[in-house]
Structure formats: C-alpha cells, structure tokens
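In mature numbering (1 follows the signal peptide of the UniProt record, and there is no 0), the protein residues as written are -24 to -1, 1 to 266.
Scroll down for the structure; my scribbles are underneath it.
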Amino acid sequence: MKLKATIAAALTVLMAATPTVASASHAPNPRTWQEIRNEQVAKAVVHELFNRHDLKAVDRYFRQSLVQHSPDIANGATGLKQFIRQKPKLRYDVFKMIADDDYVMLQSRVTGRSAVTQIVMDVFRFDRSKIVEQWDVVMTEVPASESANGNPMVTRGKPSKPNRHDNERIVATALNETMVKRNLSIIPRYYKEPYTQHDPLTPSGLVQLRKSILALPPDATFEPGLIMAEGDEVVVHARLRNITPTPVIAMHVYRVDNGKIVEHWELYQYEVPRDQSLSGNDMMTPRTGP
C-alpha cells in the first residue's frame, strides 16, 4: 500500500511537458460529424463486442491491422477476438465518453476481465470510422467508502460545452508551471476549491496538491502522449519514470470550470515492456495529430 500511495501522490501532480495544443477562439467548439460517428461506433463496440461478445463486431468496427497497446491483448483484430473469447463474463458499464477528432476515450467499470471489479480507461483511434489503434489503463476499483477522499473512482456525466482547445491549453500550462517548474504560487491561477479528487489514495483539496508537488522525487520525469478534450474535460496519457523502480503508465481526466481545474480522475499501472507484452507494442505512444 505504501508503494501504491507513492505512485498516487506523484501521479496526482506529475503531469508536465504536455504537447502544445493549437490555438482557438473562445467560442465553444461544435462537435464534428466525424466525432459523432466515432462515438456511435464506440458505443456499438461496448454493446455488441464487450457486453454481447459478438465476435463479428470486431470485423465491423476494427481494422484487421489493429495496433494494440494493451499488454493483455495480442496485436491485430485476431488478438482482440481471442481476448473476448477468453472473457465470457466480460461486462462494461461506461460512465464517461469523450470524443476529440480521431479519438474516443471510455471510462468504465468492468467486471469479468479479472477476478475483481476494475476501472478501465480505453482510448480508440479511428480512421474512416474504423478503429485502428487501442490503448488502455486498468486499475482495481477501490470503493468510495475505502477511498482517502470518499469519492468514487468513476462518475457519470457528459462534458459541457466550453471551448475544448482553451481547456487543453489551461491544463497543459497549469501542469507545466506546477510540475516542471514546481511553481506553487501559480496554483490559485489554474486550480480552485473545491478541488475534487477521484484517485482513491489521494485526499481532495489544494492543500494535498501542494503537498504532493513538494513530495515529488527531484529526478521524476514525464513523457507526454495523447492529450484530447471535449468541452470542459481534458484527457492526458503519459509515462512516468523515477517515481517507483518500474515506470508507470497513467491516464488522467481533468475538468475545467471557468478557466480553472476543479476535478481530477486518474488510473495508473506499472508499465509492461513491449518484449513482455502480448501485443508487442509500447503501452503509451505520442499523439501524431494536432
């Protein structure tokens, strides 16, 4: 538990050097037909494949050359079918769905993947309405009654409609200022109370955020991957080193309210090297688009 707490405290704050995001006006960004279509496909995947275990859904919604980053699933459409066959009790309950350009993120409570209930964040990358790449981060669920903050690890709700690119910039700037530069004086500019934390090992509030920053190892590093947003919610995927002996892969969701970060969900797991992964791929890769 001490090791997990060390990871939690560091991951709560160590999200630095995030990718540069494109500039945008302050008007809300309308959803594109592509994002709407991709979200529809993601919902169909959950219903038909993850919950009904219809293997033909793999052929309908995934490319045969699917690039898989989950260490528990072999590469390609064939590997995904094999995984579903091996999990006859698999069941997804999706709490959050965020669509941005070619990407859709699902935050779900999952049973039947292992002997315990898990929280999973999946990211799908689409090309012409077919899923061509998949990442995930998986963590055992801790009930709210056993959490350090008394909050559930997942909550339902759709993003609201503020400017997504403004919110990406707010999160990227806040994390760079606080985590790279360790500039605690900047916290009131980018965060506000009540700051609600959903990591089960980390208390809510900005006092704990400050403590976590001060507790970071001096050689802790962050390797940025995907950053995406819909409305007031921003997703960041990353690899973190020198927090524990084994690198950690994390996926975070930040909610922004009137220009300040007010809520944070996160999942993290130890990285499985590609030579030990069923997929043969890294668990985290940079986003190639804007």
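Every residue, glycine too, gets a C-beta built ideally from N, C-alpha and C.
{"query": "Nearest to residue 286 (by Cα), restricted to the options Pro176, Leu31, Ala75", "result": "The chain is shown from -24 up to 266; residue 286 falls before or after that span and cannot be answered."}
{"query": "Span separating the alpha-carbon of Glu199 from that of Arg158", "result": "17 Å"}
{"query": "Straight-line Cα distance separating Thr149 from Met173", "result": "Just to set this straight, residue 173 is Gln in the shown sequence, not Met. Rounded to the nearest angstrom, the two C-alpha atoms are 20 Å apart."}
{"query": "The stretch 210 to 225 in contact with the stretch 6 to 25 per 3-pair CB rule at 8 Å", "result": "no"}
{"query": "Buried or exposed by the 16-neighbour rule on C-beta atoms within 10 Å, applied to Leu25", "result": "buried"}
{"query": "Inter-residue Cα distance where the pair is Gly207 and Ser84", "result": "19 Å"}
{"query": "Bridge-paired residues (DSSP) for Thr197", "result": "Arg217"}
{"query": "Buried or exposed (CB count within 10 angstroms, at least 16 for buried), Gln252", "result": "exposed"}
{"query": "Element boundaries [alpha helix (DSSP H), containing Thr54]", "result": "52 to 61"}
{"query": "Contact set for Val229: own chain, Cβ-Cβ below 6 Å, skip 5 residues either direction", "result": "Glu209, Val211, Trp241"}
{"query": "Lys65, DSSP secondary structure in three states", "result": "coil"}
{"query": "Leu31 to Glu153 span [Cα, whole Å]", "result": "46 Å"}
{"query": "Which listed residue (Asp78, Met97, His23) has its alpha carbon closest to that of Ser46", "result": "Met97"}
{"query": "Closest by C-alpha distance to Val86, when choosing among Ser255, Leu254, Val70, Thr261", "result": "Val70"}
{"query": "Candidates Pro64, Ser105, Ile146: closest to Tyr167 by CA position", "result": "Ile146"}
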